[in-house]
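Engineer: Sharing a structure with you now.
Protein chains in written order, with my numbering: chain A, -11 to 427; chain B, -11 to 427.
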């Protein structure tokens, strides 16, 4: 690509570029040197430039726009989605942003500024103002004329939103329905009045849930006075769904979620996100030392008991991890609610009883194989069953309690439940040992 | 709802029903008794019935359809999405399916039968045949007439697909573009020829990745001869994205993924999905017993070493879990590739060095606090550092190797890496102990 930009004339560069998709072009352009980037955007069609820029990082978007001629910058900026423009404005200096905003038509610039006021991770921050709005008194013919006039700029194209005098959202009608219906019909006759909309302050995850549940492809966003502020497109919410799953997976893995993609996160960021939970868990796990010292005498009398410590608490941790990850995900997608608490406990404890019994038999076999006393084998077997049931119970109940307390159930991560079961598991082990071995 | 169906006249039931959304209605109807379900569907408009049925389970769909009058069944069936109909047909007996297929217009029935041939989890199995196709020689005016004629049945409404003589996919044009362009224009002049399509045999996850990457809202599916078979809608692929994240989370939690939602999975199913990995890991973990027996002498000489076993291997397991979950997810969303192996190892080992050093200091403090010998404290400190680095390294390398071998990186689950680090961590611990304590 570098070669072609350096060597070719404008026309062949454009022909070459147009054979690729904006996403793929963006991937290549990221690798180019600044000089070539600018050269390319100077000759590209503003629509194409805008589409490519949308896939680049905000800071790079600005660096490129800033080096184009002012009229070209204005054109490209106006063709970009308003939500992308707002994100870029927020990433650059206030003074730089103002200069760019002045290049936009005033009414449009104001809408972008409104989008900039919504905090990250809210529905408002994802909304685009490039939708088509119509009045309920219009005929379909007039609506179509309106669409033809402003449709080139619109990003939301399958739906037309009906707004009232104060900009309040009254309904929605699909482009398909407009085409299928007699042109003289008034919009109000075919509009769906019950439109699903979300307040700008709603969390992005909740918005994505709504979209998933009702199979929507666009989600209108309103302010406190029910006025239409913008519309979220499905591709932005798909990104949210991916992000939220990534966060849940990282949390379940016992670290704070990264705010950037893996390779964009520095080693120090990785360190910071991980060390916090490692330390908390280390301190919690240090409790196992206290437990073991407490049972030092038992341990020196029957040193064979030590052989099974990692095996027993490890199995307990594994069981807990299985249960926790299943439940945290079920809570996240709404399959399980707090009111299901008792159903969940019954299900998990029953399953734990079955897996525990299976493991218990194998554990006794393993103990005898290691050549320890029959009694120690019995202790190991009983402990295995008890720990598995205990781990199932704790792992079932904790995420639900956090959910009820409106905390994040994924705090009960796999390392968290493992650590919890380690300490308590040891107490169970030595208590059973003392009883069975009469120590 | 039950009360209203039992007591009210047809008209008030319909008015009541129409104030809700199909998804919510489906949730309620699932709870009703069969008698009321049938009564309701007998009086509902076929379009509404079809929309509600799409949210119900295939077997329930059939049970309801089967009890309606034949002409009504035919109407409702024809209004349902073809991919949903195909799924239902596959869930019921062959003979029942044939009876239903005969109610559909022949050409349409054949298309549904084609959809039924694609294996689960492939792009083909998600496709609907309710799209709009046009010929490249048509004018936009003719295309619009065609849309008006068949559009009522179409599920894909934002795009029109251009097919050739043999049904091969030639391009796509958006409804918006059709409306914005002069009606006398020929489609071929505005068509996008480079359309992203997927083969019917492609895995659903890969199809969802394409949709995410290119911000599409519909994905055409073609057969081996590039003929258009159907189109996947974005809502079906959103479900796939959710499903795949759920599977990854359950796998990372160390169990085989459930094939049904949590409460639809029986205790026995949970048992089966979990016991396999529990047993494999138990057998692997049993190795720790062998290691400990091997160091029995060392252990009886310095019993204090036993106090730190859970703490040290637990911290190693936690570190490994953090790394594994971050990397498995990064591989799943394509942020990391196999060729990044060395970059990943460098990043993870450096991070491990930093977390390890921090943990090591705290570990020495903790050991001295427990009142053990200074030398033992030193052993604990060195071991903590070594185990954390070792866990980071193994957890970085294993998912990448599995990925390279085209196996699922999520096999390296949190319990897997914990178990691996437990056994190897003990060897590290006692080796360091023997050297430092000169045993």
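Ideal placement from N, C-alpha and C gives every residue a C-beta, glycine not left out.
1) Is there contact between the region 366 to 377 of chain B and the region 312 to 324 of chain B, where contact requires at least three CB pairs shorter than 8 angstroms?
2) Given a cut-off of 8 angstroms on the beta-carbon distance, is the pair residue 195 of chain B and residue 183 of chain B in contact?
3) Ordered along the chain, which non-local residues of its own chain (more than five positions away) have a Cβ less than 8 angstroms from that of residue 347 of chain A?
4) Okay, do the region 411 to 423 of chain A and the region 282 to 301 of chain A touch, 3+ Cβ pairs below 8 angstroms being the bar?
5) So residue 215 of chain B and residue 243 of chain B are in contact, right, with Cβ under 8 angstroms, and what is the actual spacing, rounded?
6) Residues of chain B with a CB under 8 angstroms from the CB of residue 38 of chain A: which are they?
7) Can you check which of these residues, A:171, A:2 and A:130, is closest to residue 37 of chain A by C-alpha distance?
8) By the 9 angstroms beta-carbon criterion, what residues does the region 233 to 244 of chain B contribute toward chain A?
9) Please list, in chain order, the residues of the region 290 to 306 of chain A that have any C-beta partner in chain B closer than 7 angstroms.
10) Output yes if chain B places a C-beta closer than 8 angstroms to the C-beta of residue 4 of chain A; else output no.
11) Would you kindly report the start and end of the unbroken beta strand (DSSP E) that includes residue 208 of chain B?
12) How far does the alpha helix (DSSP H) with residue 299 of chain A in it extend, from its first residue to its last?
13) Tell me residue 216 of chain A's beta-bridge partners as DSSP assigns them.
14) Would you call the region 151 to 170 of chain A and the region 84 to 96 of chain A in contact, with 3 or more CB pairs under 8 angstroms?
15) Across the region 59 to 73 of chain B and the region 26 to 43 of chain B, are there enough close Cβ pairs to call them in contact, namely three or more that are closer than 8 angstroms?
16) Going by beta-carbon coordinates alone, are residue 354 of chain B and residue 274 of chain A separated by less than 8 angstroms?
17) Considering only residues of the same chain and omitting the five flanking positions on each side of residue 106 of chain B, which have a CB-CB separation below 6 angstroms?
18) Run through DSSP, which three-state label would residue 93 of chain A get?
19) Give a yes or no on whether the minimum CB-CB distance between residue 140 of chain A and chain B is below 8 angstroms.
20) Our contact map puts residue 387 of chain A next to residue 337 of chain A with C-beta atoms below 8 angstroms; I'd like the distance itself, whole angstroms only.
21) Can you have a look at residue 192 of chain B and say buried or exposed, based on whether 16 or more other CB atoms are within 10 angstroms of its CB?
22) Is the region 127 to 147 of chain B touching the region 222 to 231 of chain B, taking contact as three or more C-beta pairs under 8 angstroms?
23) Give me the residue from A:27, A:270, A:133 and A:255 with the minimum Cα distance to residue 334 of chain B.
24) Less than 7 angstroms between C-beta atoms, sequence neighbours within five positions excluded: which residues of the same chain meet that for residue 321 of chain B?
25) Would you mind giving the Cβ-Cβ distance between residue 102 of chain A and residue 5 of chain A, rounded to the nearest angstrom? I have them listed as a contact below 8 angstroms.
26) I think residue 220 of chain A touches residue 210 of chain A, with their Cβ atoms under 8 angstroms apart; what is that distance to the nearest whole Å?
27) Name the one or two DSSP bridge partners that residue 174 of chain B has.
28) Would you verify that the beta carbon of residue 96 of chain B is, or is not, closer than 8 angstroms to some beta carbon of chain A?
29) Compile a chain-ordered list of the residues in the region 192 to 214 of chain A whose CB is closer than 7 angstroms to at least one CB of chain B.
30) Assuming residue 65 of chain A is part of the alpha helix (DSSP H), what are its boundary residues?
31) Determine the chain B residues that contact residue 428 of chain A at a beta-carbon separation under 7 angstroms, and present them in chain order.
32) In chain A, which residues lie less than 8 angstroms from residue 72 of chain B when you measure between Cβ atoms?
33) When you compare each of B:266, B:56, B:294 and B:267 to residue 462 of chain B by their alpha carbons, which one comes out closest?
34) Taking 8 angstroms as the CB-CB limit, is residue 173 of chain B close to chain A?
35) Only counting the same chain, and skipping five residues up and downstream in sequence, which positions put a Cβ closer than 6 angstroms to that of residue 383 of chain B?
36) Hey, could you find the ends of the alpha helix (DSSP H) residue 162 of chain A is sitting in?
Structural biologist: According to the structure shown:
1) Touching, no.
2) In this structure, residue 183 of chain B does not lie closer than 8 angstroms to residue 195 of chain B by Cβ.
3) Result list for residue 347 of chain A: 303, 372, 373 and 376, in chain order.
4) Verdict: yes, contact present.
5) At roughly 41 angstroms, the Cβ-Cβ gap does not stay under 8 angstroms, so residue 215 of chain B and residue 243 of chain B are not in contact.
6) Under the 8 angstroms cutoff, chain B gives no residues; its nearest Cβ is about 14 angstroms from residue 38 of chain A.
7) Nearest C-alpha to residue 37 of chain A: A:2.
8) For the region 233 to 244 of chain B, which is checked against every Cβ of chain A, the residues closer than 9 angstroms are 233, 234, 236, 237, 238, 239, 240, 241, 242 and 243.
9) The region 290 to 306 of chain A vs chain B, Cβ under 7 angstroms: 291, 294, 295, 296, 297, 298, 299, 301, 302, 303, 305 and 306.
10) No, no contact with chain B.
11) Here the beta strand (DSSP E) through residue 208 of chain B covers 206 to 210.
12) Per DSSP, residue 299 of chain A belongs to the alpha helix (DSSP H) from 297 to 320.
13) Note: residue 216 of chain A is bridge-paired with A:210 in the DSSP secondary-structure output.
14) Contact fails between the region 151 to 170 of chain A and the region 84 to 96 of chain A, because fewer than three Cβ pairs, one in each stretch, are under 8 angstroms apart.
15) Cβ pair count under 8 angstroms is three or more, so yes.
16) Contact flag set, yes.
17) For residue 106 of chain B, where only same-chain residues beyond five positions count, the Cβ hits under 6 angstroms are 112, 113 and 188.
18) Here DSSP, grouped into helix, strand and coil, assigns residue 93 of chain A to coil.
19) So yes, residue 140 of chain A belongs to the interface.
20) At roughly 15 angstroms, the Cβ-Cβ gap does not stay under 8 angstroms, so residue 387 of chain A and residue 337 of chain A are not in contact.
21) Taking a 10 Å sphere around the C-beta of residue 192 of chain B, we find 16 or more other C-beta atoms and assign the residue as buried.
22) The region 127 to 147 of chain B makes no contact with the region 222 to 231 of chain B; the number of CB pairs closer than 8 angstroms stays below 3.
23) That would be A:255, whose Cα lies nearest to the Cα of residue 334 of chain B.
24) So no residue of the chain qualifies.
25) 34 angstroms between Cβ atoms; not a contact.
26) Contact annotation, residue 220 of chain A with residue 210 of chain A: C-beta distance approximately 12 angstroms; criterion of less than 8 angstroms not satisfied.
27) Under DSSP, residue 174 of chain B forms a beta bridge with B:127.
28) For residue 96 of chain B, the answer is no, since every Cβ of chain A falls outside 8 angstroms of its Cβ.
29) Along the region 192 to 214 of chain A, going in chain order, the ones with a CB nearer than 7 angstroms to a CB of chain B are 200, 201, 202, 203 and 205.
30) Bounds of the alpha helix (DSSP H) holding residue 65 of chain A are 58 to 67.
31) There is no way to answer for residue 428 of chain A, as the model of chain A reaches only from -11 to 427.
32) Near residue 72 of chain B there are no residues of chain A at all, since even the closest Cβ is about 11 angstroms away, more than 8 angstroms.
33) This structure leaves residue 462 of chain B out entirely; chain B is present only between -11 and 427.
34) For residue 173 of chain B, the answer is no, since every Cβ of chain A falls outside 8 angstroms of its Cβ.
35) For residue 383 of chain B, where only same-chain residues beyond five positions count, the Cβ hits under 6 angstroms are 308, 311, 312 and 405.
36) If you look at residue 162 of chain A, you'll find it isn't in any alpha helix (DSSP H); it sits in the beta strand (DSSP E) that goes 157 to 162.
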